[in-house]
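Note sheet for the following structure.
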Amino acid sequence: MKIIRAEKMGFCAGVRHAVTTADTALQQNSCGQVYSFGPLIHNPLALKKFENRGLKILSEEQISSLKREDTVVIRAHGVPPEVKERLEKTGAKVLDGTCPIVRANQKKCEGFAEEGCVIFFTGDANHGEVIGIEGAARRGAEKSGKELNFILVKSPETALFECEKVLSKNREKQKNCVLISQTTFSVKLFDQIALVLKEKIPELKVLSTICPATYDRQDSLTDLCKKVDGVLVIGGKNSANTNRLLDKAEKLCTHAVLIETADEIPEFFFGLERVGLTAGASTPDDVIDDVEKRLREKSSCSKKTGGIKI
Numbered sequence: 106m107k108i109i110r111a112e113k114m115g116f117c118a119g120v121r122h123a124v125t126t127a128d129t130a131l132q133q134n135s136c137g138q139v140y141s142f143g144p145l146i147h148n149p150l151a152l153k154k155f156e157n158r159g160l161k162i163l164s165e166e167q168i169s170s171l172k173r174e175d176t177v178v179i180r181a182h183g184v185p186p187e188v189k190e191r192l193e194k195t196g197a198k199v200l201d202g203t204c205p206i207v208r209a210n211q212k213k214c215e216g217f218a219e220e221g222c223v224i225f226f227t228g229d230a231n232h233g234e235v236i237g238i239e240g241a242a243r244r245g246a247e248k249s250g251k252e253l254n255f256i257l258v259k260s261p262e263t264a265l266f267e268c269e270k271v272l273s274k275n276r277e278k279q280k281n282c283v284l285i286s287q288t289t290f291s292v293k294l295f296d297q298i299a300l301v302l303k304e305k306i307p308e309l310k311v312l313s314t315i316c317p318a319t320y321d322r323q324d325s326l327t328d329l330c331k332k333v334d335g336v337l338v339i340g341g342k343n344s345a346n347t348n349r350l351l352d353k354a355e356k357l358c359t360h361a362v363l364i365e366t367a368d369e370i371p372e373f374f375f376g377l378e379r380v381g382l383t384a385g386a387s388t389p390d391d392v393i394d395d396v397e398k399r400l401r402e403k404s405s406c407s408k409k410t411g412g413i414k415i
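The opening position of the sequence shown corresponds to residue 106 in my numbering, with each subsequent residue numbered one higher.
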C-alpha cells in the first residue's frame, strides 16, 4: 500500500495558538482550576488529553462560580465581547486563545456595524466563531446607536431571500452592505453567494475572510484525490472545516470517509493500493501518525512504502 499525505493538513496556526495557550496555562497553574470557555478546539481526542491533564470546560452558566486563583482560556473560535468582560470581572486570569484571524474578523464586523452597514455573513448557525463575531457586531451597533443588521446566509438561495427582505424595507441600504465570512466556510460556496448578492447589490463590499489554511487544505486535497483510490479525512465530526474537506473529497474521490481515530478506518481501505490522508485544522499530528501506522500494520500488501507528501 502507498500512503500519500496531503501537503497541507492538520493544525493551523490559530488552533496551535489556542493549544499552546492552554498548555502554558496548565504548566504555570499552581493552585486554581484551569478552564477553557467552551471546547478549546473541535477535536475530541485533543480535548480528552487536555481533560486528563486537568483542563475543564466552562459554560456561560458557570462563570459566576469562578475564583480569583482560577484561569480561563478563551477558545480558538472566540467569544462575544460581553462574555469576555464577564470573565474578567470575576477576577480570574483570562488568557485569550482566539485565533488571530477570527479576532480580526470580530473587529471588522464591529466596525461595520458601528457604521450602520448591513452585514451579510456566510457561516454555520450556532458555531462558536459565528456567535462571537455576531456579538462583536452587536457591540458595534450599540456604540453608535445604529440598528444591527447581521444576516447569516448559508447558500445562494438563502442569500437571495435575505437580500430581497433587506432591500424591500429600505433601498438606500444597498449603498452600505458588506459580505464577510466565517474563516472555515466553503471557498466555492462563498464565491457563489458573492455572485448572487452582487447581482442585486452592485455596490456590495466583498471581503473574503476565509482563512488561508482553509484554501491551502482544500487545494491540497484536490491534488491528493488525483493520485489515490480513497481518502481518509481525519478530524472531529463536529469540526466545520473537517466536514468541508469531507464534502470535497466525496465529490473528487470514489472512496472518502471521515474518521476521528485509527480505530474507525473502514476495513476495505486496507485493501486499497493508494490511500490518501488529509486532516482538519484542529487535528493533532499524533492522531494523523496513528492512522498512518494502523494502515501500514494492517495492510494486506507486504511491501512497505513511506508516507509521501505531494
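We put the CB at the ideal spot given by N, CA and C, even for glycine. No experiment lies behind these values; they were computed from the predicted model shown.
CB of residue i within 8 Å of CB of residue j, strictly
| i | j | result |
| --- | --- | --- |
| Gly319 | Val336 | It should be pointed out that residue 319 corresponds to Thr in this sequence rather than to Gly. Cβ distance not < 8 Å, so Thr319 and Val336 don't count as in contact. |
| Ala299 | Val120 | no |
| Leu200 | Ile224 | no |
| Leu163 | Ser141 | yes |
| Ile370 | Leu350 | no |
| Ala118 | Gly381 | no |
| Phe375 | Lys403 | yes |
| Leu312 | Val283 | yes |
| Ile285 | Lys342 | no |
| Asp334 | Thr359 | yes |
| Ser344 | Asn148 | yes |
| Thr289 | Thr314 | no |
| Lys153 | Asp321 | no |
Local Cβ density within 10 Å of residue i, reported as buried at 16 or more and exposed below that
| i | result |
| --- | --- |
| Asp175 | buried |
| Gly250 | exposed |
| Cys268 | buried |
| Lys332 | exposed |
| Glu220 | exposed |
| Lys194 | exposed |
| Cys262 | Note on identity: in this sequence residue 262 is Glu, with Cys being the wrong assignment. Exposed, because fewer than 16 other Cβ atoms sit within 10 Å of the Cβ of Glu262. |
| Thr227 | buried |
| Arg158 | exposed |
| Lys398 | exposed |
| Pro317 | exposed |
| Gln167 | exposed |
| Arg244 | buried |
| Ala127 | buried |
| Ile415 | Confidence at Ile415 is low in this model, with a pLDDT of 41, below 50, so the placement of that residue should be treated as unreliable; the coordinate-derived value is given next. Its Cβ having fewer than 16 others within 10 Å, Ile415 is exposed. |
| Lys310 | exposed |
| Glu215 | buried |
Minimum C-alpha distance to residue i - residue among the options
| i | options | result |
| --- | --- | --- |
| Thr203 | Ile298, Val362, Val235 | Val235 |
| Gly237 | Cys282, Val207, Val271, Ile393 | Val207 |
| Gly377 | Asp368, Ala361, Leu326 | First, the amino acid is wrong: residue 377 is Leu here, not Gly. Answer by Cα proximity: Ala361. |
| Gln323 | Val301, Glu308, Leu302, Lys356 | Lys356 |
| Ala123 | Leu363, Asp328, Pro389, Lys303 | Pro389 |
| Lys303 | Ser170, Asn281, Thr359, Met106 | Asn281 |
| Ala384 | Cys330, Lys259, Asp229, Leu326 | Leu326 |
| Val177 | Gly143, Ala345, Phe266 | Gly143 |
| Ile339 | Asp352, Thr359, Ala367 | Ala367 |
| Glu308 | Gln279, Asp334, Leu145 | Gln279 |
| Lys107 | Val396, Arg379, Ile393, Asp395 | Arg379 |
| Gln138 | Glu156, Leu152, Thr125 | Glu156 |
| Ile146 | Ala209, Lys198, Lys189, Thr347 | Thr347 |
| Glu365 | Asp391, Ala127, Thr125, Thr359 | Asp391 |
| Glu252 | Val258, Ser260, Ala242, Glu165 | Ala242 |
| Cys330 | Ala354, Thr314, Lys310 | Ala354 |
| Glu239 | Thr288, Val184, Lys189 | Val184 |
| Asp352 | Val301, Leu294, Val396 | Leu294 |
| Ala264 | Lys248, Ala246, Lys274, Asp296 | Asp296 |
| Ala230 | Asp321, Phe255, Leu131 | Phe255 |
In DSSP terms, what residue i is bridged to
| i | result |
| --- | --- |
| Ala384 | Ile339 |
| Asp201 | Ile179 |
| Val139 | Thr176 |
| Phe255 | Ile224 |
| Lys270 | Paired residues: none, contrary to the question. |
| Val311 | Leu284 |
The ligand PLP heavy atom lying under 7 Å from the CB of residue i
| i | result |
| --- | --- |
| Gly233 | The ligand PLP is absent from the structure shown, which contains no ligands of any kind. |
For the stretch 160-198, list the alpha helix (DSSP H) runs that are entirely contained and at least 4 residues long, ordered along the chain. 186-194
What ranges does the alpha helix (DSSP H) occupy inside the stretch 276-308, keeping only unbroken runs of at least 4 residues that lie completely in it? 292-305
Report the residue ranges of all alpha helix (DSSP H) runs contained in full by the stretch 335-371; include only those spanning at least 4 residues, in chain order. Contiguous alpha helix (DSSP H) elements confined to the stretch 335-371 occur at 345-357, taking only those with 4 or more residues.
Mind listing, in chain order, the continuous beta strand (DSSP E) runs of no fewer than 3 residues lying wholly within the stretch 201-251? Every unbroken stretch of the beta strand (DSSP E) spanning 3 or more residues and falling wholly within the stretch 201-251 is given here in chain order: 223-227.
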